[in-house]
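> Read top to bottom, the protein sequences are chains A and B. For reference, each letter of the first sequence is one residue, going 79 to 378 in our numbering. For reference, each letter of the second sequence is one residue, going 79 to 378 in our numbering.
There are 2 protein chains.
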Amino acid sequence: MIDLVVVGSIALDSVKTPFGEVKEILGGAATYSSVAASIFCSPGLVGVVGKDFPKKHIEFLNKRKIATDGLSVADGKTFRWSGYYEFDMNQAHTTNTELNVFSSFSPKIPKNYLESKYLFLANIDPLLQIEVMSQLKNAKLVALDTMNFWIETKKQELLDIISKVNLLLINDAEARELMNTPNLVQAARTLLKKGPSAVIIKKGEHGALLFTDSMCFCAPGYPLEEVKDPTGAGDSFAGGLMGYLAGTDDTTVENIKKAVIYGSAIASFNAEDFSLNKLKKITKEDADKRYKEFEKLVEF
Amino acid sequence: MIDLVVVGSIALDSVKTPFGEVKEILGGAATYSSVAASIFCSPGLVGVVGKDFPKKHIEFLNKRKIATDGLSVADGKTFRWSGYYEFDMNQAHTTNTELNVFSSFSPKIPKNYLESKYLFLANIDPLLQIEVMSQLKNAKLVALDTMNFWIETKKQELLDIISKVNLLLINDAEARELMNTPNLVQAARTLLKKGPSAVIIKKGEHGALLFTDSMCFCAPGYPLEEVKDPTGAGDSFAGGLMGYLAGTDDTTVENIKKAVIYGSAIASFNAEDFSLNKLKKITKEDADKRYKEFEKLVEF
Chain A
79 MIDLVVVGSI ALDSVKTPFG EVKEILGGAA TYSSVAASIF CSPGLVGVVG KDFPKKHIEF
139 LNKRKIATDG LSVADGKTFR WSGYYEFDMN QAHTTNTELN VFSSFSPKIP KNYLESKYLF
199 LANIDPLLQI EVMSQLKNAK LVALDTMNFW IETKKQELLD IISKVNLLLI NDAEARELMN
259 TPNLVQAART LLKKGPSAVI IKKGEHGALL FTDSMCFCAP GYPLEEVKDP TGAGDSFAGG
319 LMGYLAGTDD TTVENIKKAV IYGSAIASFN AEDFSLNKLK KITKEDADKR YKEFEKLVEF
Chain B
79 MIDLVVVGSI ALDSVKTPFG EVKEILGGAA TYSSVAASIF CSPGLVGVVG KDFPKKHIEF
139 LNKRKIATDG LSVADGKTFR WSGYYEFDMN QAHTTNTELN VFSSFSPKIP KNYLESKYLF
199 LANIDPLLQI EVMSQLKNAK LVALDTMNFW IETKKQELLD IISKVNLLLI NDAEARELMN
259 TPNLVQAART LLKKGPSAVI IKKGEHGALL FTDSMCFCAP GYPLEEVKDP TGAGDSFAGG
319 LMGYLAGTDD TTVENIKKAV IYGSAIASFN AEDFSLNKLK KITKEDADKR YKEFEKLVEF
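1. So with CB distances below 8 Å, who are the chain B contacts of A:Lys381?
2. Roughly how many angstroms lie between the CA atoms of B:Trp43 and A:Glu102, to the nearest whole one?
3. Using a Cβ-Cβ cut-off of 7 Å (strictly less than) and excluding sequence neighbours within five positions of B:Thr326, which residues of its own chain qualify?
4. Could you say which of B:Tyr162, B:Gln169 and B:Asn168 lies nearest to B:Thr175 if we only look at CA atoms?
5. Just checking, does the segment 152-168 of chain A make contact with the segment 89-101 of chain A on the three C-beta pairs under 8 Å criterion?
6. Rounded to whole angstroms, how far is the Cβ of B:Thr156 from the Cβ of B:Gly128, which I believe are closer than 8 Å?
7. Can you check DSSP and say which residues form a bridge with A:His171?
8. Relative to the C-alpha of B:Phe131, which candidate in B:Val124, B:Leu104 and B:Lys232 has its C-alpha closest?
9. Would A:Met225 and A:Glu255 be called neighbours here (beta carbons separated by less than 8 Å)?
10. Going along chain B, which residues have a C-beta under 7 Å from A:Ile339?
11. Note the first and the last residue of the continuous beta strand (DSSP E) segment covering A:Asp366.
12. Quick one, which of B:Leu219, B:Pro185 and B:Lys233 has its alpha-carbon nearest B:Gln213's?
13. Let me make sure I understand the geometry here. Which of A:Ser275, A:Ala115 and A:Ala286 has the alpha-carbon closest to that of A:Val243?
14. So B:Phe165 contacts chain A; which residues on that side make the cut at Cβ distance below 7 Å?
15. Counting contacts by CB-CB distance shorter than 8 Å, is B:Pro308 in contact with chain A?
16. From B:Ala365 to A:Phe295, what distance separates their C-alpha atoms?
17. Quick check on A:Thr361: buried or exposed, where buried means 16 or more other Cβ atoms within 10 Å of its Cβ?
18. Compare the C-alpha of A:Gln169 against each of A:Gly312, A:Phe347, A:Ala286 and A:Asp223 and name the closest.
19. Kindly indicate which residue of A:Val100, A:Ala108 and A:Gly154 has the alpha-carbon position closest to the one of A:Ala89.
20. Which complete alpha helix (DSSP H) runs does the segment 252-327 of chain B hold, if anything under 4 residues is left out?
21. Measure the CB-CB distance between B:Gly122 and B:Gly86 and report whether it falls below 8 Å.
22. Please tell me whether A:Lys281 and A:Asp250 are closer than 8 Å, where the distance is taken between their beta carbons.
23. Which of the residues in the segment 295-328 of chain A, read from start to end, lie with their CB under 8 Å from any CB of chain B?
24. Identify the residues that DSSP records as bridge partners of A:Pro121: which are they?
25. Going by beta carbon distance, what residues of the same chain come within less than 6 Å of B:Val277, once the five residues before and after it are set aside?
26. Would a check of beta-carbon distances place A:Leu287 closer than 8 Å to chain B?
27. Mind checking the segment 266-277 of chain A against chain B and listing, in chain order, the residues whose C-beta falls within less than 9 Å of any C-beta there?
28. Measure from the alpha carbon of B:Lys133 to the alpha carbon of each residue in B:Val151, B:Val220 and B:Ile187, then state which is nearest.
29. Quick check: does the Cβ of B:Glu252 come within less than 7 Å of any heavy atom belonging to the ligand SAH?
30. With a threshold of 8 Å between beta carbons, is A:Lys335 in contact with chain B?
31. Can you tell me the Cα-Cα spacing of A:Asp291 and A:Gln264, whole angstroms?
32. Could you tell me the alpha carbon to alpha carbon distance between B:Glu193 and B:Ile80, rounded to whole angstroms?
33. For B:Gly341 and A:Glu363, what's the separation of their Cα atoms in angstroms?
34. Need the endpoints of the beta strand (DSSP E) that B:Ile103 sits in, please.
35. What does the Cβ neighbour count give for B:Glu283, buried or exposed, with the cut at 16 atoms within 10 Å?
36. Going by C-alpha to C-alpha distance, which of A:Arg368, A:Met257 and A:Ser181 sits closest to A:Phe347?
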């Protein structure tokens with residue numbers, strides 16, 4: 079039984095930070111999200127890899143109880159991303175992107191995913207996001223993430239899918255760019271008018287803001303003294319959040335707030351090591367413990 | 079009876095933002111701080127103005143029960159600052175600074191201030207901050223603010239006064255610059271080792287972080303939909319915070335957390351209009367009301 083369908087990129091990443099360097103390690107938005115979600119529920123992954131994709135990665139996902147029936151293996155090479163972070167780790171610098179098999183990705187939802195009530199559309203072409211959403215008719219909560227590339231190249235299509243989803247995840251710079259305002263509150267309020275019942279603005283180390291028509295919730299960033307590799311922070315935030323919602327099957331605003339904190343907790347673990355090295359060791363108990371630390375962080 | 083001594087600049091500001099323009103209006107760090115503090119306690123101001131300083135401003139300060147015995151009127155012109163904010167209001171751009179009488183400012187603490195238990199050293203030359211501190215021997219809590227100019231020109235003197243104060247207020251960019259690390263947690267931990275028992279990192283719209291040896295507290299930024307003029311936000315934050323501490327005469331960590339929230343509340347009011355236009359209408363009841371909104375903002 080699949081609780082949450084996750085659609086997006088699966089990649090082999092090469093990353094350099096001031097604290098080390100890794101080559102061709104497991105990455106991609108859908109990978110980070112589904113591994114994060116698997117702490118709380120049973121996700122099903124939808125994505126594409128090439129014939130060169132190491133089998134051990136699929137075995138790892140299955141060991142995490144992530145269904146890979148929706149993972150197609152296409153002729154060609156797996157999507158690759160290379161990037162680096164300088165001293166200020168808030169900004170990723172891309173050195174190379176090879177779309178490879180991802181360039182002709184046409185997501186198909188396997189039969190055993192169709193009853194899933196939760197759907198996370200990680201950052202891919204908004205036209206594909208619309209296509210996936212139309213296949214998953216039983217979803218009661220659909221969340222969407224995106225990136226500046228789609229705001230700049232497919233803004234209308236992006237606004238179209240935004241009008242259809244329940245929950246929009248977007249980072250602060252993207253929210254400002256998409257709504258053409260420097261004010262995040264204004265950006266969130268305008269985005270809410272476009273359709274979603276909740277908008278979450280991700281602010282990296284500064285935490286996240288959750289907006290609905292009637293409230294605003296501020297989640298702090300976890301004060302990490304050591305950030306080794308921020309790659310996948312936004313994706314593991316989204317995966318933790320959606321995994322918690324799907325695992326509890328509760329879409330009340332009160333529960334979405336809790337999910338934002340769980341997402342923040344998972345994202346903070348993720349940054350503590352390269353790739354999924356830390357995330358793969360994290361249990362629900364670890365997440366609960368950090369959740370309690372978040373309670374302390376804002377207590378006054 | 080003076081609860082809190084505030085030492086710093088008193089200025090005539092000319093400010094332009096996308097929402098309007100004002101010329102030669104009341105400004106300066108000590109002005110914003112003492113007006114903010116006067117919501118909670120009886121501050122005494124220490125500063126210098128020129129003979130051109132409009133009497134109405136002194137009358138206004140006195141009407142707010144701010145003592146001006148420490149305000150000297152020197153031969154010459156009052157300190158003037160001109161600046162503007164672009165579409166993104168997070169960054170002030172200075173067009174002109176005329177130090178005028180402020181360039182030879184030598185703060186003298188009047189007798190009736192000497193029993194004050196709280197001292198706020200707003201952003202001035204660290205050598206003057208040391209001089210003031212040595213005059214106020216009864217202070218049980220001394221807080222200090224600074225700016226990048228002193229980090230770049232008088233770093234050693236700044237570190238010297240930092241080692242003597244109880245509470246350091248510094249913004250995020252300055253903390254990174256002073257401690258030469260992009261990581262705010264590391265910056266705060268290193269600053270704590272230099273002497274202060276508490277370090278508060280101001281992050282503008284992202285709120286503030288309070289660090290002591292044993293804890294970290296994250297205060298959210300108030301989600302303002304309309305920011306008219308951010309000038310004085312940091313100073314009114316500091317003034318609200320110190321005013322609350324002095325008014326309650328309680329320096330426990332629990333009370334400092336509350337003070338951070340009151341400071342954030344006052345800073346958010348301040349940004350809603352130019353100069354002190356909004357702040358001068360704010361009562362303790364308004365502050366209490368916004369404090370309760372902050373409780374809601376972080377509740378999960």
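Here a beta-carbon is modelled for each residue, glycine too, at the ideal position from N, C-alpha and C.
To lay it out plainly:
1. In this structure chain A extends from 79 to 378, so residue 381 of chain A is not present and cannot be described.
2. Not covered by the structure: residue 43 of chain B. The range shown for chain B is 79 to 378.
3. Excluding sequence neighbours, B:Thr326 sits near Asn333.
4. Relative to B:Thr175, the option among B:Tyr162, B:Gln169 and B:Asn168 whose CA is nearest is B:Tyr162.
5. Judged by Cβ distances under 8 Å, the segment 152-168 of chain A makes contact with the segment 89-101 of chain A, as three or more pairs qualify.
6. About 4 Å separates the beta carbon of B:Thr156 from that of B:Gly128, a gap short enough to meet the 8 Å contact definition.
7. Residue pairing by DSSP places A:His171 opposite A:Tyr162 in a beta bridge.
8. Sorting B:Val124, B:Leu104 and B:Lys232 by C-alpha distance to the C-alpha of B:Phe131 places B:Leu104 at the top.
9. In this structure, A:Met225 sits away from A:Glu255, with a CB-CB distance that is not shorter than 8 Å.
10. Correct list: Phe378.
11. Unbroken run through A:Asp366 is the alpha helix (DSSP H), Lys362 to Leu375; no beta strand (DSSP E).
12. Comparing Cα-Cα distances from B:Gln213 to each of B:Leu219, B:Pro185 and B:Lys233, the minimum goes to B:Pro185.
13. Out of A:Ser275, A:Ala115 and A:Ala286, A:Ser275 has the C-alpha closest to the C-alpha of A:Val243.
14. At a beta-carbon threshold of 7 Å, the residues of chain A lying near B:Phe165 are Pro260, ordered along the chain.
15. No, B:Pro308 does not count as interfacial toward chain A.
16. About 19 Å.
17. Counting other Cβ atoms within 10 Å of its Cβ, A:Thr361 stays below 16 and is therefore classed as exposed.
18. Answer by Cα proximity: A:Gly312.
19. A:Ala89 has its Cα closest to that of A:Ala108, out of A:Val100, A:Ala108 and A:Gly154.
20. The qualifying runs are 262-271 and 311-326.
21. Taking 8 Å as the cut-off, the Cβ atoms of B:Gly122 and B:Gly86 do not count as close.
22. Yes, Cβ-Cβ distance for A:Lys281 and A:Asp250 is below 8 Å.
23. For the segment 295-328 of chain A, which is checked against every Cβ of chain B, the residues closer than 8 Å are Phe295, Cys296, Ala297, Pro298, Gly299, Pro301, Leu302, Glu303, Glu304 and Val305.
24. Beta-bridge pairing links A:Pro121 to A:Leu82.
25. Within the same chain, and ignoring the five residues on either side of B:Val277 in sequence, the residues whose Cβ sits closer than 6 Å to its Cβ are Leu246, Ala266, Leu269, Leu270 and Phe289.
26. By this cut-off, A:Leu287 is an interface position.
27. Within the segment 266-277 of chain A, the qualifying residues are Ala266 and Arg267.
28. The option with the nearest alpha carbon to B:Lys133 is B:Val151.
29. This structure lacks the ligand SAH, and indeed carries no ligand of any kind.
30. At a cut-off of 8 Å between C-beta atoms, A:Lys335 counts as an interface residue with respect to chain B.
31. Between A:Asp291 and A:Gln264, the C-alpha separation is close to 12 Å.
32. In a straight line, the C-alpha of B:Glu193 is about 7 Å away from that of B:Ile80.
33. Take the alpha-carbon of B:Gly341 and the one of A:Glu363: they are about 36 Å apart.
34. Going by DSSP, B:Ile103 is part of the beta strand (DSSP E) stretching over Gly98 to Gly105.
35. That one is buried.
36. The closest CA to that of A:Phe347, considering only A:Arg368, A:Met257 and A:Ser181, is found on A:Arg368.
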